[in-house]
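Sequential numbering of the sequence shown, starting at 405, is according to the working numbering. Backbone N, C-alpha and C fix where the C-beta goes; we use that ideal spot for every residue, glycine too. Please read all numbers here as calculations on a predicted model, not as lab measurements.
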Amino acid sequence: MRQTIRPAGPLSGVVVLPGDKSVSHRYAMIAALAEGPSKIANYSTGADCHSTLGCLRALGIEVREEGATVTIEGRGLEGWRKPASDLDAGNSGSTIRMMAGLLAAQPFESRIFGDESLSRRPMGRVMTPLTEMGARFEARDGRFPPLTIHGGPLKPIDYTLPVASAQVKTCVLFGGLFAEGETIVREPMRSRDHTEIALREFGAELKSKKGVISVEGRPKLTGRDLVVPSDLSAAAFFLVAALLIPGSQLVIRDVGLNPTRSALLDFLLSIGAKIAILKIESVNGEPIGDIEVRYSPVRGGLIDKELTAALIDEIPVLAVLGAASEEGLTIRDASELRIKETDRIATVADNFKRMGIDVEVTPDGMYVPGKQKFKAAAFDSFGDHRIAMAFAVAALRCDGESTIDNAEAASVSFPEFWNMCISVQL
């Protein structure tokens with residue numbers, strides 16, 4: 405699919421985004437382990453989160469969908485059934501990595517695979533701790549999908565993450581639900597804590613203090629009614645678009661404002677963005693609020709170390725903002741970008757060159773000089789949803805009509821993106 409994008413005048417209006425991907429995945433997986441039904445409102449419409457639902461159905465879990473509301477009939481810790489065929493994670497790294505912790509504890513063998521992009525993403529970081537817990541794996545070249553998981557009893561471990569990763573942390577905690585005793589995860593820096601919040605909501609005994617998270621095995625989890633916050637990572641594209649286009653003013657409703665995710669807002673405010681939180685409330689333990697953003701020139705700056713880890717998904721669109729900033733943007737310690745759906749350092753740089761934007765690429769990041777002119781171009785998403793949406797935002801600032809090839813990639817996380825882009829243009 406080729407999408408045509410024309411330069412935009414001021415953006416205006418109220419934006420209501422789909423549910424947060426990270427929270428949706430976790431609610432669905434834990435609901436399938438709980439006893440009784442869970443009703444999940446504002447479940448993500450993205451293909452990734454529906455890959456999770458497909459895997460749960462294949463494991464014998466009843467899943468009903470009514471619009472963006474999903475009802476899951478939980479069968480308890482012992483209720484999953486051996487799938488009749490391989491489990492398909494699609495493009496979703498979250499699905500395959502977090503499900504691995506649950507499948508490793510089942511009394512049956514399973515095989516989980518993904519699309520061509522997911523098949524290139526290494527799984528060693530989840531296989532290592534799960535093997536220590538007693539799981540057995542077979543993987544292509546020892547570390548790539550498809551994964552064959554020989555399920556069985558797991559033992560609790562005390563595991564220190566070599567690199568902060570919410571997905572790996574979740575995988576180990578999920579395995580720990582089935583182990584007799586206390587499973588402990590130690591993280592070198594704080595990662596998003598949606599799993600901890602969700603497990604407590606469902607009734608697990610979980611402790612978290614100063615980077616040490618522990619869960620007691622064999623809990624009785626109970627089905628719940630839940631509301632998924634709107635996705636802050638999806639909001640990033642509209643925040644940057646409003647900051648780029650003079651005269652813009654947007655209100656983004658009911659966005660998840662979890663402190664482990666709010667580094668995006670903190671960074672934008674620190675470089676001069678006009679952003680305000682209009683209201684905030686707690687829903688199922690997650691803070692949710694409305695965000696107002698107005699056009700404002702920004703200084704640019706540096707993203708490195710812990711900030712890079714916190715902003716890893718938003719870096720492509722922040723790089724676009726950096727090209728329009730006063731001082732430019734330097735990104736370091738971002739080698740993780742090399743193993744996302746694409747090599748996002750390379751695909752960002754490729755699209756920048758198409759639009760005449762200077763960029764200096766490093767092994768673990770890039771420097772994007774500021775005050776650059778955005779020229780219309782023929783972009784390519786390379787099949788990566790965040791690249792598609794980042795350069796759609798760039799195209800709104802360009803000096804003429806642009807196109808994006810493989811634009812359908814946006815549906816992995818945000819199927820409504822293209823229509824929403826049109827709806828906020830005056």
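Where do the N-terminal and C-terminal ends of the alpha helix (DSSP H) with methionine 793 fall, by residue? Element bounds for methionine 793: 789-801.
Beta-ladder partner(s) of glutamate 542, from DSSP: The partner list for glutamate 542 (beta bridge, DSSP) reads Thr552.
Are the beta-carbon atoms of valine 697 and isoleucine 679 separated by less than 8 Å? Yes, Cβ-Cβ distance for valine 697 and isoleucine 679 is below 8 Å.
For methionine 593, count the other beta carbons within 10 Å of its own beta carbon; 16 or more makes it buried, fewer makes it exposed. Which is it? By the 10 Å Cβ count, methionine 593 comes out exposed.
Contact under 8 Å by Cβ, glutamate 609 with valine 619: Here glutamate 609 is near valine 619, since their CB atoms are less than 8 Å apart.
Can the beta-carbon of aspartate 545 be found less than 8 Å from the beta-carbon of asparagine 495? It is not a contact, given that the beta carbons lie outside the stated cut-off.
Closer than 8 Å, CB to CB, is glutamine 776 near chain C or not? No chain C appears in this structure, which consists of one protein chain only.
By DSSP's criteria, glutamate 609 is part of a beta bridge. Which residues make up the other side? Among the bridge pairs identified by DSSP, glutamate 609 is matched with none.
Counting Cβ pairs, one atom from each stretch, are 3 or more of them under 8 Å apart for the segment 443-450 and the segment 662-675? Segments in contact, no.
What did DSSP end up calling methionine 405 once you bin it into helix, strand or coil? Coil.
Under 8 Å between C-beta atoms of methionine 537 and leucine 558: Annotated as proximal: methionine 537 and leucine 558, with beta-carbon spacing under 8 Å.
Excluding the 5 residues preceding and the 5 following serine 806 in the sequence, name in chain order all residues of the same chain whose CB lies nearer than 6 Å to its CB. The residues are Ile409, Ala780, Ala781, Ala799.
Since glycine 579 and glycine 651 should fall inside the 8 Å C-beta cutoff, what is the C-beta to C-beta distance between them, to a whole number of angstroms? Incorrect: roughly 51 Å between the Cβ atoms, too far for contact.
C-alpha gap between arginine 430 and phenylalanine 641, whole angstroms: Distance from the CA atom of arginine 430 to the CA atom of phenylalanine 641, rounded to whole angstroms, is 23 Å.
Proximity below 8 Å, CB of isoleucine 692 to CB of glycine 660: With respect to glycine 660, isoleucine 692 sits close: the two C-beta atoms are nearer than 8 Å.
Would you check if the distance between the CB atom of isoleucine 716 and the CB atom of glutamate 690 is smaller than 8 Å? Not closer than 8 Å, so no.
Which residues DSSP lists as bridging phenylalanine 671, in chain order: Paired residue(s): none; phenylalanine 671 is not in a bridge.
Candidates Thr712, Val724, Asp694, Val687: which alpha carbon is nearest valine 644's? Considering only alpha carbons, the answer is Val724.
For valine 576, which residues in the same chain have their Cβ closer than 7 Å to its Cβ, ignoring the five residues on either side in sequence? Here the set comprises Gly505, Pro533, Tyr563, Thr587, Val589.
Quick check on lysine 425: does DSSP put it in helix, strand or coil? The answer is helix: DSSP assigns lysine 425 an H, G or I state.
Three CB pairs or more closer than 8 Å across the segment 464-481 and the segment 518-527: Under the Cβ criterion (8 Å, minimum of three pairs), the segment 464-481 does not count as touching the segment 518-527.
Where do the N-terminal and C-terminal ends of the alpha helix (DSSP H) with proline 533 fall, by residue? Following the DSSP letters along the chain, one finds proline 533 inside the alpha helix (DSSP H) bounded by residues 528-536.
Determine the direct distance from the alpha carbon of glycine 458 to that of valine 655, and round the result to whole angstroms. Cα-Cα distance, rounded: 34 Å.
Between which two residues does the alpha helix (DSSP H) holding phenylalanine 642 run? Its alpha helix (DSSP H) spans residues 636-648.
Measure from the alpha carbon of valine 752 to the alpha carbon of each residue in Lys443, Met770, Asp597, then state which is nearest. Nearest of Lys443, Met770, Asp597 to valine 752, Cα basis: Met770.
Give the DSSP bridge partners of isoleucine 692, in chain order. Gly660, Glu685.
Comparing C-alpha positions only, which one of Thr734, His454, Ala713 sits nearest to valine 856? Given a span of 405 to 830 for the chain in the structure shown, any question on residue 856 remains unanswerable.
Contact set for glycine 555: own chain, Cβ-Cβ below 8 Å, skip 5 residues either direction: If we look at glycine 555 and ignore the five residues flanking it on each side, its Cβ neighbours are Leu507, Ala508, Ala509, Gln510, Pro511, Phe512, Glu513, Ser514, Ala539.
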